[in-house]
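Protein chains: 2
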Amino acid sequence: MTLGQKIKELREQAGMFQRELASQLEIGDGFLSKVENNQKTLKREHLIKISELFNCSISELEALWIGTKLYEIIKDEQEGLNALKVAEQEIIYRKKYDIL
Amino acid sequence: MTLGQKIKELREQAGMFQRELASQLEIGDGFLSKVENNQKTLKREHLIKISELFNCSISELEALWIGTKLYEIIKDEQEGLNALKVAEQEIIYRKKYDIL
DNA sequence: TTTAGACTTGACTGATTTAGGTCAAATGTA
DNA sequence: TACATTTGACCTAAATCAGTCAAGTCTAAA
Chain A
1 MTLGQKIKEL REQAGMFQRE LASQLEIGDG FLSKVENNQK TLKREHLIKI SELFNCSISE
61 LEALWIGTKL YEIIKDEQEG LNALKVAEQE IIYRKKYDIL
Chain B
1 MTLGQKIKEL REQAGMFQRE LASQLEIGDG FLSKVENNQK TLKREHLIKI SELFNCSISE
61 LEALWIGTKL YEIIKDEQEG LNALKVAEQE IIYRKKYDIL
């Protein structure tokens with residue numbers, strides 16, 4: 001699940017058109033279309049608005065927001081999955097020894 | 001293991017000084033120092049040179065190169081680990097259904 | 001079958017960020 | 001003291017961000 005898919009899902013479940021959601025977010029509907037298709041990214045502040053509008057978890061949206069960015073970086077990479085593991089191990093290692 | 005650590009390790013195992021490796025890579029030694037401490041990133045082409053110089057796997061270097069970049073993005077993120085999972089699931093999903 | 005409305009797409013833009021460095025001074029160390 | 005390394009300040013070109021707008025496409029319904 002990407003952020004774009006999630007936003008589209010939330011919007012449709014609320015029976016809302018792109019135009020309406022776009023205006024709530026104060027962006028154009030063409031831009032929102034691209035966001036839903038992961039061709040453009042929203043500002044982080046927009047996630048707050050979305051979580052309020054659809055009453056959903058901001059943490060989940062943030063995970064999708066960052067995760068979709070990461071995916072865009074590695075999607076055409078041979079070593080994409082291994083790169084994810086490198087990053088994961090590093091996070092785990094730092095946590096273990098409490099290095100900030 | 002980050003790319004910086006790896007490079008330092010390879011360099012020291014070869015008994016080489018930063019100045020020497022830096023000159024092989026045609027960069028300044030101050031810059032290499034930052035690379036080894038993950039404050040700056042090398043160009044991708046540099047990885048090839050390094051793999052030749054130390055006779056090590058280019059794939060591993062690339063995984064570390066991308067992975068260290070990903071780590072820099074998520075290291076201060078609450079949802080960092082979840083974001084990695086989002087990206088991983090997306091890769092796996094696309095592979096499963098053969099979506100390019 | 002026309003047409004209205006929902007959505008997608010392509011071309012473009014200006015501001016901001018990042019990439020990929022340099023150099024000199026400060027610091028660590030044998 | 002000499003040499004290796006780290007750090008901070010700075011730099012420029014290129015890329016990315018966060019959009020707009022108009023034209024094109026898709027799909028129901030009249």
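Chains as they are written, first to last, in the numbering used here: chain A, 1 to 100; chain B, 1 to 100. All C-beta atoms in this analysis are idealised placements derived from N, C-alpha and C, irrespective of residue type, glycine included. Given the structure is predicted, the values throughout are model-derived calculations rather than measurements.
Rounded C-alpha distance that separates residue i from residue j
i, j, result
"residue 59 of chain A", "residue 96 of chain B", "27 Å"
"residue 51 of chain A", "residue 17 of chain A", "17 Å"
"residue 54 of chain A", "residue 13 of chain B", "56 Å"
"residue 65 of chain B", "residue 30 of chain B", "19 Å"
"residue 39 of chain B", "residue 46 of chain B", "16 Å"
"residue 43 of chain A", "residue 35 of chain A", "11 Å"
"residue 15 of chain B", "residue 23 of chain B", "15 Å"
"residue 94 of chain A", "residue 11 of chain A", "38 Å"
"residue 9 of chain A", "residue 9 of chain B", "48 Å"
"residue 7 of chain B", "residue 21 of chain A", "48 Å"
"residue 77 of chain B", "residue 37 of chain B", "20 Å"
"residue 86 of chain B", "residue 86 of chain A", "15 Å"
"residue 63 of chain B", "residue 57 of chain A", "32 Å"
"residue 19 of chain B", "residue 28 of chain B", "8 Å"
"residue 3 of chain B", "residue 33 of chain B", "12 Å"
"residue 1 of chain B", "residue 61 of chain B", "11 Å"
Enclosing alpha helix (DSSP H) for residue i [first to last residue]
i, result
"residue 27 of chain A", "Neither: residue 27 of chain A is in no alpha helix (DSSP H) and is coded neither H nor E."
"residue 12 of chain A", "3-13"
"residue 84 of chain B", "80-96"
"residue 77 of chain B", "It is not in any alpha helix (DSSP H) - residue 77 of chain B carries neither H nor E in the DSSP assignment."
"residue 47 of chain B", "44-54"
Member of the options whose CA lies at the smallest distance from the CA of residue i
i, options, result
"residue 5 of chain A", "A:84, A:67, A:92", "A:67"
"residue 99 of chain B", "A:98, A:27, A:30, A:75", "A:75"
"residue 49 of chain B", "B:71, B:39, B:26", "B:26"
"residue 84 of chain A", "B:79, B:70, B:94, B:78", "B:70"
"residue 88 of chain B", "A:81, A:88, A:92, A:90", "A:81"
"residue 79 of chain B", "A:86, A:91, A:73", "A:91"
"residue 72 of chain B", "B:41, B:62, B:86", "B:41"
beta-carbon residue i near the ligand NAD non-hydrogen atom, thresh 6 Å
i, result
"residue 25 of chain A", "Absence of the ligand NAD from the depicted structure is noted, as is the absence of any ligand whatsoever, leaving it without description."
Going along the stretch 35-53 of chain B in order, which residues come within less than 8 Å of chain A, judged by CB to CB distance? When CB distances to chain A are screened at a threshold of 8 Å, not a single residue of the stretch 35-53 of chain B falls below it.
Residues from the stretch 70-82 of chain B in contact with chain A, defined by Cβ distance under 8 Å: With the criterion set as a beta carbon lying under 8 Å from some beta carbon of chain A, the members of the stretch 70-82 of chain B are 70, 71, 73, 74, 75, 77, 78, 79, 80, 81, 82, in sequence order.
Taking only beta carbons into account, state which residues of the stretch 4-23 of chain A come closer than 7 Å to chain B, listed in chain order. Residues are counted here when their Cβ sits less than 7 Å from a Cβ of chain B; for the stretch 4-23 of chain A the count is zero.
Chain B contacts made by the stretch 55-67 of chain A, where a contact means CB separation under 7 Å: Residues of the stretch 55-67 of chain A with a C-beta atom less than 7 Å from some C-beta of chain B are 59, 62, 63, 64, 66, 67, listed in chain order.
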